[in-house]
Amino acid sequence: MALDRVKVLVLGDSGVGKSSLVHLLCQNQVLGNPSWTVGCSVDVRVHDYKEGTPEEKTYYIELWDVGGSVGSANSVKNTRAVFYNAVNGIILVHDLTNKKSSQNLYRWSLEALNRDQGPTGVLVTGGDYDREQFADNQLPLLVIGTKLDQIPEGKRHEVLTRTAFLAEDFNAEEINLDCTHLRYLAAGSSNAVKLSRFFDKVIEKRYFFRDGAQVRPPSPPRPAGGRQSAGRRRGGAGPGPTR
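Taken in order, the sequence shown gives residues 1 to 243; the numbers are from UniProt numbering.
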């Protein structure tokens, strides 16, 4: 049986580790030799929505790793725009050792949301940004900082305090990790819980909401001649879409 799917953009500057992150999320493996992404690369993660509850259901999460630079010419940005159609969620990725990559997340998000045409730009005096540009955003967002292990111990508190404000600006949860270590997304860890919660939210916005109103998910079928079972057996996921 074919699985329902959702589309999640993975955005951020070149070199922040998006390809390594996507590989880690989808294959549960460290990417040994990452290369530059040209255009867009798509990988698929199998996710159990509401795992462990009667509403549990398996979905495909398509992760669209978009390459390029946020400062690209309009012709390049217009080409990238085709990847921004029918999006259900956005993962914003920045390098914790590169402050500029963090600041550029505002521009990436505005480009994806098609709101980067305003005459005032994104950043305003003092390095802040206009919150009104994101006020009516309905897409679930997740901010992920990479290369955590490369931050000197003496500077880690300062950096993580700054990035916490970044996540707050986007009204998003934050995950900080190093893509060369599996332990950061180990089952049951706080990062794994945040990631699962984000994907659940993306699925709910796609399938269980209509015009801002929640639609109750269908109840599991009742077995014939017996009471409703509290659990479900997970079947095979089946092959994912071709890349």
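Using N, Cα and C, we set each Cβ at its ideal position, and we do this for glycine too.
For Glu55, no alpha helix (DSSP H) run applies, since DSSP gives it neither H nor E. Ranked by how close their Cα comes to the Cα of Gly32, the residues Val159, His181, Val70, Val76 have His181 in first place. The Cβ atoms of Pro152 and Lys201 do not sit closer than 8 angstroms to each other. Here Lys7 is buried: its Cβ has 16 or more other Cβ atoms, across all protein chains shown, within 10 Å. With 16 or more other CB atoms across the displayed protein chains lying within 10 angstroms of its CB, Glu174 is buried. Across the structure, Asn28 and Val42 are spaced so that their CA atoms are roughly 16 angstroms apart.
DSSP places Glu158 within a helical segment (H, G or I) once states are collapsed to three.
Leaving aside the five residues that flank Val22 on each side, the residues in its chain whose CB is nearer than 8 angstroms to its CB run, in chain order, Val10, Ser41, Asp43, Leu63, Asp65.
Comparing alpha-carbon positions, the option among Glu111, His94, Thr37, Val87 lying closest to Leu160 turns out to be His94. Annotation: His181 is outside any beta strand (DSSP E) and is labelled neither H nor E by DSSP. Relative to Asp149, the option among Gln138, Asn171, Cys179 whose CA is nearest is Cys179.
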